[in-house]
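Chemist:
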Amino acid sequence: MTTQAPPRYQEPSNEPLLGRAGPSADFMTFLLATTVVSGLFSRNANAINWVQTNSWSLLLSFVATLVNLGLLFWKRHSHPYNFVLLSTFTVLEALTLGVVVAFYDTVVVLQALLITLGIFLGLTLFTFQSKWDFSGMGPFLFGGLIALVMTGLVGMFFPFSRTMDLIYGVGGSLLFSGYIVFDTYNINNRLSPDEFIIGAISLYLDFINLFLSILRVLNNVQDN
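Position 179 of the sequence shown, counted from 1, bears residue number 179 in the UniProt record's numbering, the numbering being contiguous throughout.
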């Protein structure tokens, strides 16, 4: 699971930022690059066999992605470092996703991707049309994220039963659905223009984590 990058906010603006090319264009670039790289990786039989026999590669790619994300947040205003770190972050995230996907059946992966796309589009459209203020969701979502991360750490040392793993996946799906609404609202109404990249990354991570949670749920349902 990938952590959230904390964006910096300004006072609400009357002009929606997602109507411009900024965050939405960045998000689509991240998603397209991730799909291409992880897709090519997951179709390479030698790469899949190597990953499945060297499960430590998943932890290594995850740690490398976190380190890169921290550096990107630190240097987000420093050109050309921000561009280089953004590129390496996208590649590392795509490789991490490719490693994860290699452990799942292709049909389940496609099902999870389509469901994630449907939920993401539905929630973003809902947020655009809604008159509600979703900025107050932050503390509750952060508390849920901490609980989810701690539960995941416990599961690393004491493997979950199938039922507990299913509950964990459902909880992650609900949490990151909430984050999609929260981050979409903040990008559209409160994010300062110099934080477009961080906003797009936050939304991108919401999508990836929702996909992984749904993938976990579908895999458990299929095995049952």
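For every residue, glycine included, the Cβ atom is placed at its ideal position computed from N, Cα and C. Quantities reported herein were computed from a predicted structural model and do not represent experimental measurements.
#1: For N49, tell me which candidate among V101, T65, T88 has the shortest Cα-Cα distance.
#2: Give me the Cα-Cα distance between Q222 and L210, rounded to the nearest whole angstrom.
#3: Taking the alpha-carbon positions, what's the M164 to G178 distance?
#4: Is there a Cβ of chain D sitting closer than 7 Å to that of T35, yes or no?
#5: Spatial neighbours of L58 within its chain, please: C-beta separation below 6 Å, excluding the five flanking residues on both sides.
#6: So, with DSSP's three-state summary, where would you put F207?
#7: So, is S161 buried or exposed, given that buried needs 16 or more other C-beta atoms within 10 angstroms?
#8: If you follow the alpha helix (DSSP H) that P139 is part of, which residue opens it and which one closes it?
#9: When the Cβ atoms of the region 61-71 are set against those of the region 84-94, are three or more pairs found closer than 8 Å?
#10: Around the Cβ of D105, are there at least 16 other Cβ atoms within 10 angstroms (buried) or fewer (exposed)?
#11: Should the region 150-161 be regarded as contacting the region 173-188, the criterion being three or more beta carbon pairs within less than 8 Å?
#12: Could you name the residues of the same chain whose beta carbon sits closer than 8 Å to that of L148, not counting the 5 residues immediately before and after it, in chain order?
Modeler: Short version:
#1: The sequence position of residue 49 within the sequence shown is 49, counting from 1. Taking only the C-alpha atoms, the option nearest N49 is V101.
#2: In the sequence shown, counting from the first residue as 1, residue 222 sits at position 222. In the sequence shown, counting from the first residue as 1, residue 210 sits at position 210. Computed Cα separation, rounded: 18 Å.
#3: Translated into the one-based positions of the sequence shown, residue 164 becomes position 164. Translated into the one-based positions of the sequence shown, residue 178 becomes position 178. Roughly 21 Å between the two C-alpha positions.
#4: This model lacks chain D altogether; it includes just one protein chain.
#5: For the purposes of this step, residue 58 is taken as residue 58 along the sequence shown, with counting starting at 1. For L58, where only same-chain residues beyond five positions count, the Cβ hits under 6 Å are V99.
#6: Against the sequence shown, residue 207 aligns to sequence position 207. F207 falls in the helix class under three-state DSSP.
#7: On the sequence shown, residue 161 is found 161 positions in, with the first residue counted as 1. So S161 ends up on the exposed side.
#8: Numbered from 1 along the sequence shown, position 139 holds the residue referred to as residue 139. That run of the alpha helix (DSSP H) goes 138-157.
#9: yes
#10: To locate residue 105, count along the sequence shown from 1; it is residue 105. It counts as exposed.
#11: no
#12: Position 148 of the sequence shown holds residue 148. Closer than 8 Å at Cβ, skipping near neighbours: M1, Y168, G171, G172, L175.
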